[in-house]
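Take 468 as the starting number for the sequence shown in the numbering used here and just add one per residue.
Following: one structure in structure tokens, then a few remarks.
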Amino acid sequence: MKKLNMDSWREMFYEKIEEVKPQDHWDLKMHQNLDYNDLGPGWKQSLQEHAFASFQCSWCQHFWSSVQVVILFHMYLDQHRRKGWVKMRVFRQECYECSEGKLEEPNFKEESVQRVLENLVISIREKCYGEYVAQLSEVTVIGRHYGPHRSDHCEACRLGIHQRPKHMMHYGRPKDTVYHGTSKDTMSPVQLPSHDLPQDTICCDFKLCCIFCIICIFIFIYMSSWILKLFK
């Protein structure tokens, strides 16, 4: 399989970003020293955790594939100069068949690169231009994928970047983007069960009920005394 170099990534990225933002010039460069959440002023971040790629050990020639290849992007748009920059870091994986312990670079097929870049462009539109795009490309596994993700052989896992529980896994939308969903924070009060209501709200309701009962008692006593006076 032909290995795609950075020029291939850049060429495909130019085509995709020009389709949606032809008035701005964007550039994409590899930065293997890029750090997660280490952002300069005005820079935005996007993390794709489920790209598909293959690896081959340079020591024992063992071959494996993964659908959990992690790619980090930092993005910056200079609106006055109509220029944008993207820094990219692809996290490596280590062979688990030998004791060499060398982190290997992933090898992406063109289809996988296309999906990664489609999601990158959507992240740029959302984070740098303030747009909202509803749908991102899902991962399509090309070929066979063997076994679960081996976090002890993953560079991103070792750095604490890729530590997502299985029920939290998603395919497509990059991490650190805020979405609208159904949760206790977004439900209206009538949808919340009573045991989830704040304690001070419950206490306030109880006090109001007590006050109402006392007022009713006073009204009853007053009306009773008034009626007795009428019949005297």
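Glycine is no exception: its CB is placed at the ideal position from the N, C-alpha and C atoms.
Check                                                                                                                                          : Outcome
Roughly how many angstroms lie between the CA atoms of L495 and W526, to the nearest whole one?                                                : 31 Å
In this structure, does DSSP put R556 in helix, strand or coil?                                                                                : strand
In angstroms, rounded to a whole number, what distance separates the CA positions of Y432 and E593?                                            : This structure does not reach residue 432, given that the chain is present from 468 up to 699, and the question cannot be answered.
Per DSSP, what are the beta-bridge partners of H541 in this structure?                                                                         : Q512, K554
Considering Cα atoms alone, identify which of S475, H547, F522, C683 is closest to Q490.                                                       : H547
Pop quiz: V588 and M479 are said to be a contact at Cβ under 8 Å. What is the actual Cβ separation, rounded to whole angstroms?                : Their Cβ separation, rounded to whole angstroms, is 10 Å, which puts V588 and M479 out of contact at 8 Å.
What number of angstroms, rounded off, separates the C-alpha of Q523 from the C-alpha of H492?                                                 : 35 Å
Return the bridge partner residues of F687 from the DSSP annotation.                                                                           : F687 pairs with nothing; no bridge assigned.
Quick check: the segment 526 to 542 against the segment 469 to 488, are at least 3 beta-carbon pairs closer than 8 Å?                          : no
What are the boundary residues of the alpha helix (DSSP H) that D474 is part of?                                                               : 473 to 487
Using beta-carbon positions only, say whether F519 and I538 come within less than 9 Å of one another.                                          : no
Do the CB positions of Y503 and I628 come within less than 9 Å of each other?                                                                  : yes
Excluding five sequence neighbours on each side, which residues of the same chain lie with their C-beta closer than 6 Å to the C-beta of Q499? : R556
What would DSSP say about W693, mapped onto helix, strand or coil?                                                                             : helix
Put F575 into one of helix, strand or coil per three-state DSSP.                                                                               : coil
Using the Cα positions of C565 and H620, report the straight-line distance between them to the nearest angstrom.                               : 11 Å
So, with DSSP's three-state summary, where would you put H620?                                                                                 : helix
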